[in-house]
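Undergrad:
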Amino acid sequence: KHDLEVAKTPDITATHGRGGFWLIDPDDLTIVSGNGNVNVNQVGNVFTSSGAGAQLGVDLVVAALGGGSTVELRTGASADPLGGTITLSAGVNLDYNGVGDATLSLFADRRIVIDGQIFDSVAGGDSLNLNLTADNDLNGTGNILINNTISLGGGDFVVLRAIDFTTSAAIDTQGGDFI
80 KHDLEVAKTP
90 DITATHGRGG
100 FWLIDPDDLT
110 IVSGNGNVNV
120 NQVGNVFTSS
130 GAGAQLGVDL
140 VVAALGGGST
150 VELRTGASAD
160 PLGGTITLSA
170 GVNLDYNGVG
180 DATLSLFADR
190 RIVIDGQIFD
200 SVAGGDSLNL
210 NLTADNDLNG
220 TGNILINNTI
230 SLGGGDFVVL
240 RAIDFTTSAA
250 IDTQGGDFI
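In the working numbering, the protein residues as written are 80 to 258.
Structure below.
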């Protein structure tokens with residue numbers, strides 16, 4: 080089950096020292112081909128995983144980026160202690176052609192894995208600011224893993240937390256900042 084009903088907050092105080100944390104583990108969110116979604120809540124341009132096996136079609140993300148919009152992808156609360164990963168699936172291309180100057184922000188409570196490509200198929204005229212925040216819950220278990228090519232057309236690349244690159248990974252901001 081993925082429902083949690085809380086009648087009373089837990090006592091996380093400590094007799095000696097600092098109190099503890101009340102953590103609700105997040106669901107994973109996988110970006111897949113197409114324009115469907117499974118177990119994803121959308122409020123405006125914010126997409127949040129809402130259950131096990133959450134999937135979001137890359138075409139929905141690109142459509143939301145249209146007109147230079149800002150879009151957020153977030154992991155949501157879950158019962159899975161290892162959850163909280165956002166993955167751009169291998170073979171899935173996030174082609175931001177025609178969106179203008181847009182911003183895509185990923186907030187994962189654990190990890191962000193980029194296995195697919197991010198690019199503009201018609202160079203010039205469009206840029207993507209890409210913000211990646213792993214370990215969003217600050218429990219020390221998150222990182223960002225880049226396994227493919229990211230080309231931002233002049234947009235900024237901003238990362239918060241540890242980042243790892245495989246030998247096949249490349250980031251080209253084409254004049255944007257790498258922060």
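For every residue, glycine included, the Cβ atom is placed at its ideal position computed from N, Cα and C. No experiment lies behind these values; they were computed from the predicted model shown.
Ignore the nearest five residues each way along the sequence and tell me which others in residue 177's own chain have a CB closer than 6 Å to its CB.
TA: Cβ neighbours of residue 177 beyond the five flanking positions: none.
Undergrad: Kindly list the residues whose CB is nearer than 7 Å to the CB of residue 244, restricted to its own chain and excluding five residues on each side of it in sequence; keep chain order.
TA: Here the set comprises 225.
Undergrad: Could you spell out where the beta strand (DSSP E) holding residue 139 opens and where it closes?
TA: Careful: residue 139 lies outside any beta strand (DSSP E), inside the alpha helix (DSSP H) at 137 to 144.
Undergrad: Do residue 231 and residue 212 have their beta-carbon atoms positioned less than 8 Å apart in this structure?
TA: Not a contact, by the Cβ cut-off of 8 Å.
Undergrad: Among 242, 109, 207, 182, which one has its Cα closest to the Cα of residue 221?
TA: Of 242, 109, 207, 182, the residue nearest in Cα terms is 242.
Undergrad: What residue does the beta strand (DSSP E) around residue 249 start on, and which one ends it?
TA: Per DSSP, residue 249 belongs to the beta strand (DSSP E) from 249 to 251.
Undergrad: Alpha carbon to alpha carbon, how far is residue 228 from residue 149?
TA: In a straight line, the C-alpha of residue 228 is about 21 Å away from that of residue 149.
Undergrad: With the cut-off set at 8 Å, would you say residue 154 and residue 106 are in Cβ contact?
TA: Contact: yes.
Undergrad: Taking just the CA atoms, how far does residue 129 sit from residue 83?
TA: Annotation note: pLDDT 43 at residue 83 (below 50); position unreliable, coordinate value reported separately. Cα-Cα distance, rounded: 12 Å.
Undergrad: Pick out whichever of 140, 233, 114 has its Cα sitting closest to the Cα of residue 185.
TA: Closest by alpha carbon: 140.
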